[in-house]
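In my numbering, the protein residues as written are 228 to 571.
Positions of the beta carbon are idealized from the N, C-alpha and C atoms, including for glycine.
As the structure is a computational prediction, the values presented were derived from the model and not from experiment.
Note sheet for the following structure.
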């Protein structure tokens, strides 16, 4: 299916938001310049996850889901991508940066979603609602039990109920994205509905959290934990609010990328090279040291963004897709590790 530049633009903004969350300056005063940057924390990663579902939908036919042999091919492509992401995630995590790497979780999202490529949008939205509502209490309870019993969680348990990007909750974003990707994203009416639904969800999620916290002030922490909507609180309120923001961002950039393609080219290029950009910025953090995260400055943050936008634009204009290089590197690493396993 032909690439939709607005989706790339949204993905580009999401990955730049994640870079901002990692190396951008922060402030407790929201109305300060640095305070505004806090908007990227949590919401950008959630948008990234929702767009994983959109990508899976587009890889399997978009509004006209594939069947038969083409469905098998689509599932294979998505599973191969999941395997590559898992390997890359492990390698990037080994760099030891103070960044919660999302790639391993992203791999699990893709692995799960292949079983739902033939599901209808309404079924997917019901599944998303289930993960958003039931996921938080279930995941929090399991995580608390493991902590109380001092059981070290397995890798799978960490991916499903861990403190960052838990699949038991974040599949809500992915299923929503898969449902959205089954719509005609080139349709004006669809874009308007996405923007309207997104705005409504954002209000319900964030405002609903404030109302609930005020109503249950003084309640036990186990109750308050389910009512917050801050970055990575992973409650139903945050999931609803973040989903709303992601839908508005997608709707706006679907329109903007078509109307002003030249102006948004750097952002589109960044989105088309999102995996390269994500891995590359963590490698740079590892080279510069942890202080670039713990003692972030506006200058360093701006330098990251400028270099990313310029490099992605040049690469996209003169070379092509950066993911191909990373996929080849991952395949080479898999081959190397496989040979080592056979010789030991």
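Could you tell me if residue i is buried or exposed, where buried requires 16 or more neighbouring beta carbons within 10 angstroms of its beta carbon?
i, result
"residue 230", "exposed"
"residue 531", "buried"
"residue 245", "buried"
"residue 562", "Because the pLDDT at residue 562 is just 48, under 50, the model does not fix this residue reliably, and the point stays unresolved."
"residue 363", "buried"
"residue 235", "buried"
"residue 443", "exposed"
"residue 301", "buried"
"residue 545", "exposed"
"residue 453", "buried"
"residue 297", "exposed"
"residue 388", "buried"
"residue 399", "buried"
"residue 328", "buried"
"residue 414", "exposed"
"residue 508", "buried"
"residue 294", "exposed"
"residue 280", "buried"
"residue 252", "buried"
"residue 529", "exposed"
For residue i, which three-state DSSP category applies?
i, result
"residue 232", "helix"
"residue 300", "helix"
"residue 365", "helix"
"residue 346", "coil"
"residue 465", "helix"
"residue 321", "coil"
"residue 329", "coil"
"residue 418", "helix"
"residue 557", "Note on residue 557: pLDDT 49, under 50, position unreliable in the model; no value is reported."
"residue 269", "coil"
"residue 336", "helix"
"residue 471", "helix"
Less than 6 Å between C-beta atoms, sequence neighbours within five positions excluded: which residues of the same chain meet that for residue i?
i, result
"residue 351", "402, 405 and 406"
"residue 330", "312, 315 and 316"
"residue 572", "Residue coverage of the chain in this structure runs from 228 to 571, which leaves residue 572 outside it and unanswerable."
"residue 238", "278, 498 and 501"
"residue 269", "458 and 459"
"residue 322", "513"
"residue 233", "480, 481 and 484"
Going along the chain, which residues of its own chain have a beta-carbon closer than 7 Å to the beta-carbon of residue i, five neighbours each way excluded?
i, result
"residue 456", "432, 433, 436, 462, 464, 465 and 468"
"residue 308", "337"
"residue 282", "none"
"residue 241", "271, 274, 275 and 278"
"residue 536", "493 and 497"
"residue 417", "410 and 411"
Is it the case that the CB of residue i approaches a heavy atom of the ligand GTP more closely than 6 Å?
i, result
"residue 509", "For the structure depicted, the ligand GTP is absent and the ligand set is empty, with no information on it obtainable."
Could you name the residues of the same chain whose beta carbon sits closer than 8 Å to that of residue i, not counting the 5 residues immediately before and after it, in chain order?
i, result
"residue 339", "394, 398 and 401"
Requested in this report: May I have a chain-ordered list of the alpha helix (DSSP H) segments no shorter than 4 residues that lie completely inside the region 367-406?
Outcome: 382-388
Query raised in the report: In the region 504-547, which residue ranges form an unbroken alpha helix (DSSP H) of at least 4 residues, counting only runs that do not cross its ends?
Result: 518-521 and 525-545
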